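The structure appears below as structure tokens.
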Amino acid sequence: MEQLIMLGTGNATVTKCYNTCFAIKDDEYFLVDTGGGNGILAQLEKAEIPTEQIHHIFISHEHTDHLLGVIWLIRVIATKMKQGKYDGNLNIYCHADLVNTIHTIAKLTVQKKFFDFIGDRILLTPVDDKEVIQILNYSVQFFDIGSTKAKQYGFTTTLQNGKKFTFLGDEPYKDIEFEYAKDADWLLHEAFCLYEERDIFKPYEKHHSTVKDTCKLGEELNVKNLILYHTEDKNIENRKALYLNEGKEYYHGNLFVPEDLEVIKL
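In this text, residue positions in the sequence shown follow our numbering: the first is 77, and each later residue adds one.
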């Protein structure tokens with residue numbers, strides 16, 4: 077059975093968990109976002125995900141907490157390529173504007189002997205709005221989420237069991253995403269904080285949602301399984317219980333508030 081491995085669940089400035097990123101496990105791994113630094117290497121190690129089994133990475137947008145971990149993966153995987161310990165290519169997918177950003181950061185920070193693998197066996201692949209690409213056993217359709225900040229893409233796909241799986245990035249749902257989110261079997265959506273704590277964390281000023289907002293949305297869209305992520309971490313020990321308690325008042329499907337490294341069977 078396919079698995080969703082939540083490598084990180086926090087927003088950009090968390091210190092008690094890792095930034096939001098995850099992997100879908102089939103025969104290999106499809107990695108979605110990479111967090112903000114070399115903590116991605118620790119999370120992969122704890123999740124027992126060998127970098128040799130990562131050949132596909134999607135970066136949703138340019139913000140540091142989603143992007144910078146990929147530079148460390150380029151560094152590590154290029155080293156293994158040079159040592160003959162990595163078979164095949166590494167494919168990094170992102171919208172076209174982000175290709176130059178990743179290329180530039182890598183050129184400025186990665187040794188030439190490793191950087192030279194970019195364009196050879198490390199492939200920066202631009203994807204267009206509504207484009208479908210075959211990744212592992214999935215036909216993945218990418219889409220522009222209509223970000224109010226930096227250009228950002230989400231994606232939808234059909235799992236091996238026929239269920240619809242949609243990732244909406246880290247901003248609130250917009251009507252242009254309706255066809256991708258409506259009736260989803262699995263919907264991944266940000267929930268910055270509890271509604272009752274909105275005056276503390278000010279999610280709306282940051283273009284984010286509360287648990288209440290996201291759960292009302294999941295109910296309206298007839299989502300079967302709703303996963304909340306990209307949260308604050310000030311009360312991380314009680315986050316799951318508090319978010320579930322608020323969310324279940326508005327959403328009556330299966331609600332998930334995963335911890336870092338939690339595995340969800342799809």
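Glycine included, each C-beta is placed from N, C-alpha and C at the ideal position.
Owing to the predicted nature of the structure, the values given are computational and were not obtained by experimental measurement.
Problem - I130 (DSSP reduced to helix, strand or coil) - result: strand
Problem - Neighbourhood of T140 by C-beta distance below 6 Å, restricted to the same chain and skipping five residues each side - result: G112
Practice task
Pull up the distance between the alpha-carbon of K292 and that of Y249, whole angstroms please.
Solution key: 11 Å
Handout entry: DSSP three-state assignment for T224, whether helix, strand or coil
Key = coil
Practice task
Measure the CB-CB distance between L144 and I130 and report whether it falls below 7 Å.
Solution key: no
Problem - Cβ-Cβ distance between T224 and T232 below 7 Å - result: no
Handout entry: Beta-carbon contacts of E295 that lie in its chain and below 8 Å, excluding the five residues immediately before and after
Key = Y326, Y327, H328, G329
Practice task
Could you tell me which uninterrupted beta strand (DSSP E) segments, each at least 3 residues in length, are contained entirely in the segment 266-322, listed from first to last along the chain?
Solution key: 301-305
Handout entry: Exposed unless 16 or more other CB atoms sit within 10 angstroms - verdict on T110
Key = buried
Exercise for the section: Going by DSSP, name the residue or residues bridged to P248. Expected result: P248 pairs with nothing; no bridge assigned.
Practice task
Would you mind reading off the limits of the alpha helix (DSSP H) that contains Y256?
Solution key: 254-257
Problem - For L80, the three-state DSSP class (helix, strand or coil) - result: strand
Practice task
Look up Q217 in the DSSP assignment and give the residues it is bridged to.
Solution key: V208, T232
Handout entry: Spatial distance of I168 from K158 (CA atoms)
Key = 18 Å
Practice task
Tell me whether G145 sits in a helix, a strand or coil according to DSSP, three-state version.
Solution key: helix
Exercise for the section: State the Cα-Cα distance for the pair K258 and Y214, rounded to the nearest angstrom. Expected result: 19 Å
Problem - Where T110 falls: helix, strand or coil (DSSP) - result: coil
Handout entry: Beta-carbon spacing of I340, L80 below 7 Å
Key = yes
Problem - Residue interval of the alpha helix (DSSP H) (run including N165) - result: Neither: N165 is in no alpha helix (DSSP H) and is coded neither H nor E.
Exercise for the section: Give the C-beta separation of I221 and L264 to the nearest angstrom, bearing in mind that I take them to be a contact with Cβ-Cβ under 8 Å. Expected result: The Cβ separation is near 12 Å, so there is no contact.
Practice task
Would you mind reading off the limits of the alpha helix (DSSP H) that contains T91?
Solution key: T91 -> no alpha helix (DSSP H), and no H or E assigned at all.
Exercise for the section: Leaving out five residues on either side along the sequence, give the residues of the same chain with a beta carbon under 6 Å from the beta carbon of F193. Expected result: A154, M157
Practice task
Return yes when the Cβ of L212 is within less than 7 Å of the Cβ of G230, no when it is not.
Solution key: no
Problem - Local conformation of L174 per DSSP, three classes - result: helix
Problem - Contact set for V90: own chain, Cβ-Cβ below 6 Å, skip 5 residues either direction - result: D309
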